[in-house]
Amino acid sequence: MTTFLGKTDPEVQKILDLEAKRQKDGLEMIPSENYASPAVLEALGSIFTNKYAEGYPDKRYYGGNEYIDRLEKTAIERAKKLFGVPHANVQPYSGSPANFAVYFALLNPADVVMGHNLPDGGHLTHGWKVSVTGTYFKSVPYHVLPSGRIDFDEVEKLAKQHKPKLIWVGATAYPFEFEFEKFAKIADAVGAYLVADIAHVAGLVIAGAHKNPALYVDIITTTTHKTLRGPRGGMIMVTDKGLKKDPELAEKIDRAVFPGTQGGPHEHQIAALAVALKEDSSASFKKYGRQVVKNAKVLAKTLMANKLQLVGNGTENHMILMDLSKTYCPGAGYFAQYALEAAGITVNKNTVPAEPVSPFYPSGIRLGTPAITTRGMKEKEMVKIGNFIAQALKEIKPYRLPDDKNARIQFLKNFREEIYENKNLLEIKKEVEKLCKKFPVPGIK
Ligand SMILES: Cc1ncc(COP(=O)(O)O)c(C=O)c1O
-5 MTTFLGKTDP EVQKILDLEA KRQKDGLEMI PSENYASPAV LEALGSIFTN KYAEGYPDKR
55 YYGGNEYIDR LEKTAIERAK KLFGVPHANV QPYSGSPANF AVYFALLNPA DVVMGHNLPD
115 GGHLTHGWKV SVTGTYFKSV PYHVLPSGRI DFDEVEKLAK QHKPKLIWVG ATAYPFEFEF
175 EKFAKIADAV GAYLVADIAH VAGLVIAGAH KNPALYVDII TTTTHKTLRG PRGGMIMVTD
235 KGLKKDPELA EKIDRAVFPG TQGGPHEHQI AALAVALKED SSASFKKYGR QVVKNAKVLA
295 KTLMANKLQL VGNGTENHMI LMDLSKTYCP GAGYFAQYAL EAAGITVNKN TVPAEPVSPF
355 YPSGIRLGTP AITTRGMKEK EMVKIGNFIA QALKEIKPYR LPDDKNARIQ FLKNFREEIY
415 ENKNLLEIKK EVEKLCKKFP VPGIK
């Protein structure tokens, strides 16, 4: 390689080349991942990284921000137009800092917050106990029914009982469309702020494949690197409904981001976000977002035809949650993640509703179609991939998680050594590589 990086730091260049090969040769099926376009990558690696710009456009603490102001205003206007909202803050470094800023804007320590329980598919920042959000605030989690869907009777009961100041709607492992209108009814009845965290489905919203929460909630937060296909980052948007409820909401959010929880914005990241938002407004992105959902549905059908059990018996979005506790054994998500990795398919182990083991050794896996759809894969490939997955999972049949916690460590070490040498999995890996060769990855030669 004759890049600057290759000359300056061959060690990092080598690692980069290896990671590029991994991303190209395998099936990236973690539902929160995607491939950013070459234009997004170029903006992300640009000289905008050199500039400090504490504050907001036309109100900066440093000089030299004429062009940075233009850049940030461009990103803001694009976000507002795409999501149909009157206010957008594009400075959050990522999804978690965006959510922390919402707490800082709306709540005092020990105020009550309600969110989707983490083992039921919720996110850490929605009040889980190990997060600052579950430590400094009184967290009242809501749960899902055995069907995997949110238990709205419980949400209503808990909201009436605990009178939360803030209710989150959004999740990280939930294969259904969010019912914003049901949450709005409950939040309005108890006077709570309603915040939609659409980190996972933002791209589906833009594509028109899922409904936009803007009509129902006060604030929307999102990551920018998942289905939106931008750089890693976060955004906070205030809706017309939010401004009607609290005319100072936009200022509260801006103050909570800077100086409340962050310092200088990452303008190179904001540049890349502006580019991604332009791409997201295209007709081809709308087609992409719809194809992501179509692909997930075909993949789900193929997996179920192979007698694999899915939470909700399918999917309404880009992700599939597979419950392996009965097909294989409780805790089998651990085995499945490594077996699939050995076959060149990247997924993540995940808890399932009423998880029988623990988040460390969960009984399910979570997989999704955003990244493989970006490569141009369609229904035909989903059938192929579904069959690869079902075939690969057969190799975990001999393994069972020991009950004894001390025995587990050695057992799992042996398992990992064996699984990476499993001949059937290595055969599938060759087939996966053959398939991947036909579908280039944007930004990787
Ligand atoms: C629903 C949801 N919110 C917030 C986040 C946090 O985003 P980040 O990892 O960028 O901090 C995630 C990430 O997985 C998520 O799924």
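Under the working numbering, think of the first position of the sequence shown as -5, with each following residue one higher.
Beta carbons are placed, not taken as given, at the ideal position from N, Cα and C, and that holds for glycine.
#1: For A92, which of helix, strand or coil comes out of DSSP?
#2: How big is the Cα-Cα spacing for F98 and V251?
#3: Determine the closest residue to T321 out of P241, Y393, I247, G116, with distance taken between C-alpha atoms.
#4: Starting from the Cα of E242, find the closest Cα among D212, A37, L(-1), A14 and give me that residue.
#5: Quick one: grab the DSSP three-state call for S319.
#6: Please tell me whether, using a cut-off of 7 Å, the distance from the CB of S125 to the nearest non-hydrogen atom of ligand 1 is below it.
#7: Please report the residue range of the alpha helix (DSSP H) in which D3 lies.
#8: Report yes or no: do three or more beta-carbon pairs, one from the stretch 40 to 48 and one from the stretch 378 to 396, lie closer than 8 Å?
#9: Tell me which residue opens and which closes the beta strand (DSSP E) that G228 is part of.
#10: Under a Cβ-count criterion, where at least 16 other Cβ atoms within 10 Å of its own Cβ denotes burial, should M(-5) be classed as buried or exposed?
#11: Compare the Cα-Cα distances from A165 to each of P80, H312, H262 and report the closest residue.
#12: In this structure, how does DSSP classify R223 when only helix, strand and coil are distinguished?
#13: With 16 as the cutoff for other CB atoms within 10 Å, does I161 come out buried or exposed?
#14: Provide the residue(s) that pair with G109 in DSSP beta bridges, ordered along the chain.
#15: From this set, N344, E335, E148, L334, which residue's C-alpha is nearest M316's C-alpha?
#16: Quick one: what does DSSP say G358 is sitting in, helix, strand or coil?
#17: Should S90 be labelled buried (16 or more other beta-carbon atoms within 10 Å of its own) or exposed?
#18: Rounding to the nearest angstrom, what Cα-Cα distance links K67 and I422 in this structure?
#19: Go ahead and pull the three-state DSSP assignment for G49.
#20: Can you give the Cα-Cα distance for T363 and R369, rounded to whole angstroms?
#21: Given 7 Å as the limit, tell me if H194 has its C-beta closer than that to any heavy atom belonging to ligand 1.
#22: Kindly confirm or deny that the stretch 15 to 22 and the stretch 210 to 229 touch, where touching means at least three C-beta pairs closer than 8 Å.
#23: Could you tell me if A193 is buried or exposed, where buried requires 16 or more neighbouring beta carbons within 10 angstroms of its beta carbon?
#24: Only counting the same chain, and skipping five residues up and downstream in sequence, which positions put a Cβ closer than 7 Å to that of R410?
#25: Between which residues of its own chain and G202 is the CB-CB distance below 8 Å, once the five residues before and five after are set aside?
#26: Taking the beta carbon of I9 as the centre, do at least 16 other beta carbons fall within 10 Å, making it buried, or is it exposed?
#27: When burial is assigned at 16 or more other CB atoms within 10 Å of the CB, is E349 buried or exposed?
#28: How about R226: is its Cβ closer than 7 Å to a heavy atom in ligand 1?
#29: Since K343 sits in a beta bridge, which residues does DSSP pair it with?
#30: Could you tell me which residues DSSP puts in a beta bridge with V189?
#31: Could you tell me the boundaries of the alpha helix (DSSP H) in which A82 lies?
#32: Only counting the same chain, and skipping five residues up and downstream in sequence, which positions put a Cβ closer than 6 Å to that of R402?
#33: Taking the CB atoms as reference points, tell me whether P169 and T309 lie closer together than 8 Å.
#34: List the DSSP bridge partners of I314.
#35: From the DSSP output, read off the bridge partner residues of E22.
#36: Ignore the nearest five residues each way along the sequence and tell me which others in H204's own chain have a CB closer than 6 Å to its CB.
Per the coordinate set shown:
#1: helix
#2: 8 Å
#3: Y393
#4: D212
#5: coil
#6: no
#7: That residue, D3, is in no alpha helix (DSSP H); it is neither H nor E in DSSP.
#8: Taking a cut-off of 8 Å for Cβ pairs, the stretch 40 to 48 and the stretch 378 to 396 do not touch, as fewer than three such pairs fall below it.
#9: 228 to 232
#10: Per-residue confidence for M(-5) stands at a pLDDT of 44, beneath the threshold of 50, marking its modelled position as unreliable; the derived number appears in the next sentence. Exposed, by the Cβ-count rule.
#11: H312
#12: coil
#13: Counting Cβ neighbours within 10 Å, I161 comes out buried, since at least 16 surround it.
#14: Residue pairing of G109 in beta bridges, as defined by DSSP: P135.
#15: N344
#16: strand
#17: Buried.
#18: 48 Å
#19: strand
#20: 10 Å
#21: Yes, ligand 1 has a heavy atom inside 7 Å of this Cβ.
#22: no
#23: buried
#24: Y332
#25: K280, G283, R284
#26: exposed
#27: buried
#28: yes
#29: I359
#30: W162, I213
#31: Element bounds for A82: not the alpha helix (DSSP H) but the beta strand (DSSP E), 81 to 83.
#32: P396
#33: yes
#34: L361
#35: T340
#36: E171, V195, L198
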